[in-house]
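Okay, so here's the structure we're looking at.
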Amino acid sequence: MSQPVSIAVVGSGYVGLVAAACFAEMGHHVICVDNDESKVKMLREGGIPIHEDYLPELLNRHRLNKVEFTSDLKSATQRSQAIFIAVGTPQSKTGSADLSYVDAVASEIARSIDGYKVIVEKSTVPVYTNEWIRRVIERNGVPKDLFDVASNPEFLREGTAVVDFLHADRIVVGVESERAGKLMSDIYAPLTSGEYYKLPQAVPGSLNENNPPPFLLTSTKAAELIKHASNAFLAMKISFINVVSNICEAVGADVEQVAKGIGSDSRIGPKFLRAGIGYGGSCFPKDVAAFRYVAEQLGVDFDLLKEVESINEEQKKRFFQKVRAALWTFRGKKLGVLGLAFKGGTDDIRESPALDIVEQLLKEGAHIAAFDPAATPRAKEVIPPSAFMRYVDDPYEAAADADALLILSDWHEFSELDLDKLHYTLRYPIVIDGRNLYDPAEMIERGFNYLSVGRPAHQ
Ligand code: NAD
-2 MSQPVSIAVV GSGYVGLVAA ACFAEMGHHV ICVDNDESKV KMLREGGIPI
48 HEDYLPELLN RHRLNKVEFT SDLKSATQRS QAIFIAVGTP QSKTGSADLS
98 YVDAVASEIA RSIDGYKVIV EKSTVPVYTN EWIRRVIERN GVPKDLFDVA
148 SNPEFLREGT AVVDFLHADR IVVGVESERA GKLMSDIYAP LTSGEYYKLP
198 QAVPGSLNEN NPPPFLLTST KAAELIKHAS NAFLAMKISF INVVSNICEA
248 VGADVEQVAK GIGSDSRIGP KFLRAGIGYG GSCFPKDVAA FRYVAEQLGV
298 DFDLLKEVES INEEQKKRFF QKVRAALWTF RGKKLGVLGL AFKGGTDDIR
348 ESPALDIVEQ LLKEGAHIAA FDPAATPRAK EVIPPSAFMR YVDDPYEAAA
398 DADALLILSD WHEFSELDLD KLHYTLRYPI VIDGRNLYDP AEMIERGFNY
448 LSVGRPAHQ
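Numbered by the working numbering, the letters in the sequence shown go through residues -2 to 456 in order.
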């Protein structure tokens, strides 16, 4: 294997923990740093704070020799050649990214530097953040030749994060010096050389030794822009197909057929053309807002992104109206809900459209029985269990005696329900599917009143 690099990853969340586990899997020595002592303790004791496939296997494989957990950033900095900043960059009140966590970490790193280090932005940050990190470090008296700042945006998706990291479509690295570029290319060499994919224990995915991911070396500014522009573009694709789905509903066409037709054009591609209840999560909403803010600050008209956002809000409202149109009133009605996470495969509920819809239903007096395979503990923190809100342990319990079943997250298991069982479990066989997981014709044949998004309504 290539030469191991000693790495510190600051922030043990969805990105930091996955990156750390994957760097260890690639042969590097990794120190995970988090200022949440309870998280560090949990990780040290073998616990894993997030739900991600392969993450337990990787951490168990490497925790004794290649991964350690600490809250001591100073010592981690001094023992590492590269320090990846993977802390949160949430949306601030103005819409811009709140960079105070990044600032705090950069200052602490600056006070700890005792030799040449590459400080890497892994968090999603606006263009020019690298300049600010550089200034913060210099202000703390660190000479220019003792550090470089690099940008290495992360494109993993929650739910498939480990596979996405190790089988990335591309690795983007922005640097301003050859020295930093060399260290970053050493770090990713096990992937870009294809060596990793030859290992018997390699996590399976789409890449192999003959087809490794490209390493795109850019300026730091370009790398920062690539991340924001990518997320804004993907959000735009979702909003686009959602509007098309509304047109489909108006004329009685099937948006799945239309999306297939659009997506078969290789210039467009089939992904992110699934109509639904709108995008959510910890990235798209805040990154679209932050990119719009960047454009505004630079005097560049990017009202297109405003439209992307308002279409997304409208889509949630439209779905809610659809539920209302099917059920008339909500007070006292029992509704089964499948899915609370912002999408299937994750326990993340940040900006989840599913939770927005549940909150709205509760406001209007509905009684909810909700099931999510992973997000229930987090959802309970936002909507505590009550006489109106019950959290249940399987989809049929959610459906039991309900006036209707709502599908709000695209967990794979929700697409494989036993339809006969579902039919006799529900009080009325009404299924309102915000994720288009079933074939409308089949649902009608099975005796359901099935409503979905952008497909001819079958009553
Ligand atoms: P997260 O909230 O899951 O994790 C952030 C972690 O940083 C937390 O564990 C927190 O305790 C820790 N932290 C905060 N301040 C710290 C400090 N001063 N010192 C040490 N640790 C500190 O966040 P996340 O979802 O992993 O996202 C991190 C960044 O990556 C964000 O910028 C996000 O936009 C970006 N990103 C996220 C995803 C995703 O799918 N979640 C994908 C790509 C990029």
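The beta-carbon is built from N, C-alpha and C at its ideal position, and this holds for glycine as well. If you're wondering where the values come from, they're calculated on a predicted model, not measured in any experiment.
Is it the case that the Cβ atoms of residue i and residue j are separated by a distance below 8 Å?
| i | j | result |
| --- | --- | --- |
| L55 | A18 | yes |
| V27 | V84 | no |
| V305 | S236 | yes |
| G333 | L414 | no |
| K340 | D284 | no |
| V169 | T215 | yes |
| V355 | A366 | no |
| R176 | S279 | no |
| N149 | V117 | yes |
| A457 | V450 | Outside the displayed span of the chain (-2 to 456) sits residue 457, for which this structure offers no information. |
| L337 | A376 | yes |
| A401 | I380 | no |
| N309 | G275 | yes |
| R424 | A384 | no |
| E155 | T343 | yes |
Relative to the alpha-carbon of residue i, which residue among the options has its alpha-carbon at the smallest distance?
| i | options | result |
| --- | --- | --- |
| I289 | K195, G43 and S89 | The sequence shown places Arg at residue 289, rather than the Ile named in the question. Residue S89 is the option with its Cα nearest to R289. |
| M386 | L352, A219 and S412 | L352 |
| W129 | L96, I441 and D262 | L96 |
| I106 | E135, T86, V124 and P87 | E135 |
| S227 | L448, G258 and L153 | L153 |
| T67 | T86, L40, A79 and Y51 | L40 |
| I238 | I45, A16 and I265 | I265 |
| V102 | T91, P123, N32 and L163 | N32 |
| T217 | T126, Y276 and A322 | T126 |
| K119 | K224, V248, A395 and V320 | K224 |
| Y51 | Q198, R424, S182 and A73 | Q198 |
| G92 | A287, K360, D417 and P392 | A287 |
| R328 | E361, V15 and A247 | E361 |
| D390 | D369, L61, P382 and L405 | D369 |
| L458 | P209, K179 and E293 | Residue 458 falls outside the range modelled here, since the chain spans only -2 to 456, and no answer is possible. |
| L163 | Y435, E378 and V12 | V12 |
| Y393 | F411, P382, D262 and E49 | F411 |
| E253 | E442, Y435, N62 and G8 | Y435 |
Start and end of the alpha helix (DSSP H) containing residue i?
| i | result |
| --- | --- |
| M39 | E34 to R41 |
| K313 | D300 to L324 |
| H59 | L52 to H59 |
| V133 | T126 to R136 |
| E49 | Element bounds for E49: n/a, residue is neither H nor E. |
| Y98 | S97 to A107 |
| I346 | Premise fails: I346 is in no alpha helix (DSSP H) and is neither H nor E. |
| I184 | E175 to T189 |
So, at 7 Å on beta carbons, what are the nonlocal neighbours of residue i in its own chain, with the 5 sequence-adjacent residues on each side left out?
| i | result |
| --- | --- |
| Q75 | S109 and D111 |
| Q456 | Confidence at Q456 is low in this model, with a pLDDT of 46, below 50, so its placement is unreliable and the value that follows should be read with caution. If we look at Q456 and ignore the five residues flanking it on each side, its Cβ neighbours are N446. |
| P426 | H420, G444, F445 and N446 |
| A219 | G171 |
| V297 | none |
| V139 | A107 and I110 |
| R131 | V146 |
| V133 | D100, A103, S104 and A107 |
| G249 | P453 |
Hey, could you find the ends of the beta strand (DSSP E) residue i is sitting in?
| i | result |
| --- | --- |
| D145 | F144 to S148 |
| G171 | I168 to G171 |
| S3 | S3 to V7 |
| G333 | K331 to L335 |
| K63 | Taken as a continuous stretch (DSSP letters only), K63 belongs to no beta strand (DSSP E), as it is neither H nor E. |
| L358 | Taken as a continuous stretch (DSSP letters only), L358 belongs to no beta strand (DSSP E), being part of the alpha helix (DSSP H) at P350 to K360. |
| F20 | From DSSP, F20 is part of no beta strand (DSSP E) but of the alpha helix (DSSP H) over Y11 to E22. |
| L270 | Here L270 belongs to no beta strand (DSSP E), and DSSP marks it neither H nor E. |
| I28 | H26 to V30 |
| V115 | K114 to E118 |
| L448 | N446 to L448 |
Please work out which residues of its chain come closer than 8 Å, Cβ to Cβ, to residue i, disregarding the five sequence neighbours upstream and downstream, and give them in chain order.
| i | result |
| --- | --- |
| P201 | V160 |
| E192 | M(-2), S(-1), A186 and E206 |
| K141 | E135 |
| I395 | Note on identity: in this sequence residue 395 is Ala, with Ile being the wrong assignment. Cβ neighbours of A395 beyond the five flanking positions: G333, V334, L335, A366, A367, F368, V389 and L402. |
| M440 | L416, V428, Y447 and H455 |
Can you give me the Cβ contacts of residue i inside the same chain, cut-off strictly under 6 Å, excluding the 5 residues immediately before and after it?
| i | result |
| --- | --- |
| G10 | none |
| I4 | F20, H25, V27, S77 and A79 |
| L231 | F269 |
| L213 | R167 and V169 |
| A94 | T86, P123 and A287 |
| E22 | L55 |
| N433 | S449 and V450 |
Exercise for review: Report the residue ranges of all beta strand (DSSP E) runs contained in full by the region 385 to 443; include only those spanning at least 3 residues, in chain order.
Suggested key: Correct list: 386 to 388, 401 to 404 and 427 to 430.
Exercise for review: Ignoring anything shorter than 3 residues or poking outside the region 194 to 256, list the beta strand (DSSP E) runs there in chain order.
Suggested key: 212 to 215
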